[in-house]
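Take 79 as the starting number for the sequence shown in the numbering used here and just add one per residue.
We put the CB at the ideal spot given by N, CA and C, even for glycine.
Since the structure is predicted, the reported quantities are computational estimates derived from the model, not experimental observations.
Taking it in order: structure first as structure tokens, then the write-up.
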Amino acid sequence: MKYFVILFLFISGIIAYSQPSWQREAPAEIPLQLFSSPDALNLPTTETLQQGDIYFHISHKFIVPVSEGVDELFGFDGSVYMRLGLGYGITDDLFAQLGRSNLNGNIDLQLKWKVLEINSDVLPLAVAVNGGVAYNSKVVNEPEDKSRLWQYYGFIIANTMVGKSLGLGISPGFLYNANLFCEEPINSWTMGAYAQYFFDERWSVIAEANPTLNGWRQFYNTYSLGMEIETAGHFFKVALSNNVYTNFSQFMTGSLDDKFHITFLITRVL
79 MKYFVILFLF ISGIIAYSQP SWQREAPAEI PLQLFSSPDA LNLPTTETLQ
129 QGDIYFHISH KFIVPVSEGV DELFGFDGSV YMRLGLGYGI TDDLFAQLGR
179 SNLNGNIDLQ LKWKVLEINS DVLPLAVAVN GGVAYNSKVV NEPEDKSRLW
229 QYYGFIIANT MVGKSLGLGI SPGFLYNANL FCEEPINSWT MGAYAQYFFD
279 ERWSVIAEAN PTLNGWRQFY NTYSLGMEIE TAGHFFKVAL SNNVYTNFSQ
329 FMTGSLDDKF HITFLITRVL
């Protein structure tokens, strides 16, 4: 009997030791999403991709302004500046994208890193940094100094949401070598801002501005107004803008005129 008790206690001890201690797991933290896509109309939001997701981007901006009327089909009869882009979610908070514009063969590589999320029922906050390098591969009358074909830019992005329908964002930016043809490299400092009002999960309207605060700028600051439709992983954005440039290193330099042009953007997350 004594041996039976000892054996029972020995086996019970092994079983007790082998069973993991139970504790309540912390609930999974839901990522903060204030905007629906990585870009508003032209400017970056704090949104990234989930790790492993692939992002496809195509945008067209018609060079002929809407004011040309029916004779030019409000700009559709004219040529376009276009951009093709492909992105990848390295992590849930780090997003890489490679793109090319047909203007000057501008190729850009950029990274966006979401550095801060603060959940709040009043004013949630997300902060990200977005930086990139651009190379102009097809420039007429190239400068003798080939290093002038390279441009560098960066944004600090802050997004919030008022209620459940109004997203607000600012994106101050810096562009090095804003004008390829100046004698010396000249820079631009900009202050991007945008607002997006969501009618429901699919439909929204977006207003955007990107004034130059200091440094080089073309004749006018940039203003855009458009709408976004989301469906099954696609985002369709149609807008009017006085800026016809697509890649950041071109868009950040401002606009040549104050006339509005039709633009559209289609993105897909795979």
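Taking 8 Å as the cut-off, the Cβ atoms of L181 and G163 do not count as close. Following the DSSP letters along the chain, one finds S282 inside the beta strand (DSSP E) bounded by residues W281 to N288. Scanning the stretch 101-151 from its first residue to its last, the whole beta strand (DSSP E) runs of 3-plus residues come out as 132-140. Excluding sequence positions up to five before and after I196, its CB lies within less than 7 Å of the CB of P202 and L203, all in the same chain and listed in chain order. The beta carbon of S243 sits closer than 8 Å to those of Y275, F276 and F277, all from its chain and outside the five residues before and after it, given in chain order. For K139, the number of other beta carbons within 10 angstroms of its own is at least 16, and it is reported as buried.
With a beta-carbon spacing of about 6 Å, G183 and N214 fall inside the 8 Å limit used to define contacts.
In this structure, the beta-carbon distance from V148 to H339 does not fall below 8 Å. Judged by beta-carbon spacing, Y298 lies within the 8 Å limit of G332, meaning their Cβ atoms are closer than that value. In the DSSP secondary-structure assignment, M160 is bridged to H138. Per DSSP, the beta bridge partners of I307 are W281 and F314.
DSSP, read as helix, strand or coil, puts S215 in coil. Going by DSSP, F173 is part of the beta strand (DSSP E) stretching over L172 to S179. Take E125, set aside five residues on each side of it, and the residues of its chain with a beta-carbon closer than 7 Å to its own are Q111, F113, S115 and P116, in chain order.
Taking the CA atoms as reference points, Q128 sits about 14 Å from L189. For L258 and E279, the gap between their C-alpha atoms comes out near 42 Å. The shortest C-alpha to C-alpha distance from L187 to any of K224, L194, W228 and P221 is the one to W228. S266 places its beta carbon less than 8 Å from that of W294. By DSSP's assignment, Y254 forms a beta bridge with Y230. Taking the Cα positions, N321 is about 19 Å away from I185.
Non-local C-beta neighbours of N255 in its own chain, meaning closer than 6 Å and more than five positions away in sequence, comprise Q229 and P263, ordered along the chain. When DSSP states are grouped into helix, strand and coil, Q296 belongs to the coil group. Assigned with DSSP and collapsed to three states, G153 falls in helix. F233 is classed as buried because its beta carbon has at least 16 other beta carbons within 10 Å across all chains shown. Of the other Cβ atoms in all chains shown, 16 or more fall within 10 Å of the Cβ of N208; this residue is therefore buried.
DSSP places S243 outside both helix and strand once states are collapsed to three, so it counts as coil. DSSP, reduced to helix, strand and coil, places S198 outside both helices and strands of the structure shown, so it counts as coil.
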